[in-house]
Amino acid sequence: MVQVLTKDNFEAEVLNSQQPVLVDFWASWCGPCRMVSPVIDELAEEYAGKLKVGKVNVDEQAALASEYAVVSIPTILLFKDGKVVEKSVGARPKDDFCDMVENHL
Numbered sequence: 040m041v042q043v044l045t046k047d048n049f050e051a052e053v054l055n056s057q058q059p060v061l062v063d064f065w066a067s068w069c070g071p072c073r074m075v076s077p078v079i080d081e082l083a084e085e086y087a088g089k090l091k092v093g094k095v096n097v098d099e100q101a102a103l104a105s106e107y108a109v110v111s112i113p114t115i116l117l118f119k120d121g122k123v124v125e126k127s128v129g130a131r132p133k134d135d136f137c138d139m140v141e142n143h144l
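For the record, in the sequence shown the residue sitting at position 29 is 68 according to the working numbering, with numbers rising by one throughout.
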């Protein structure tokens, strides 16, 4: 299941998570974001129990986007132990995201 992340739950759900967390920074008007979204949903299902997956709407959560220096979307960040360990910008094939995740499980 993909969680909606906000400044109110980001610390609890991402920074304090016992599992790695894949975070998709996106916006509804962004074409590449719409291409990546189904892939992110698939990853959430395939890695259930091993990986948390969340989405941050940059229009609604500008402070979070700014805090993590998100200037282009989609930006996908992988957090482990509260720190960013991988970053991907732009639409990419599913295999790229799988590799990103596998490196940190």
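We put the CB at the ideal spot given by N, CA and C, even for glycine.
Keep in mind the model is a prediction, meaning the values are calculated, not measured.
For a minimum of 3 consecutive residues, which ranges assigned as the beta strand (DSSP E) are wholly contained in the stretch 102-131?
The qualifying runs are 114-119 and 122-128.
Please say whether residue 58 and residue 89 have beta carbons closer to each other than 8 angstroms?
Within the sequence shown, residue 89 is the residue found at index 50, counting from 1. Within the sequence shown, residue 58 is the residue found at index 19, counting from 1. Yes, these two residues count as a Cβ contact at 8 angstroms.
Counting only the same chain and skipping the five closest in sequence on each side, list residues whose C-beta sits under 6 angstroms from that of residue 119.
By 1-based counting over the sequence shown, the position of residue 119 is 80. Here the set comprises 59 and 143.
Considering only DSSP beta bridges, list what residue 55 is partnered with.
For this step, residue 55 is matched to residue 16 along the sequence shown. DSSP output for residue 55 lists no bridge partner at all.
Go ahead and pull the three-state DSSP assignment for residue 47.
Residue numbering aside, residue 47 sits at position 8 when the sequence shown is read from its first letter. Three-state DSSP puts residue 47 in coil, outside helix and strand.
Below 7 angstroms CB to CB, which residues in the same chain sit around residue 138 once its five sequence neighbours on both sides are set aside?
Stepping through the sequence shown from its first residue, residue 138 is reached at position 99. So no residue of the chain qualifies.
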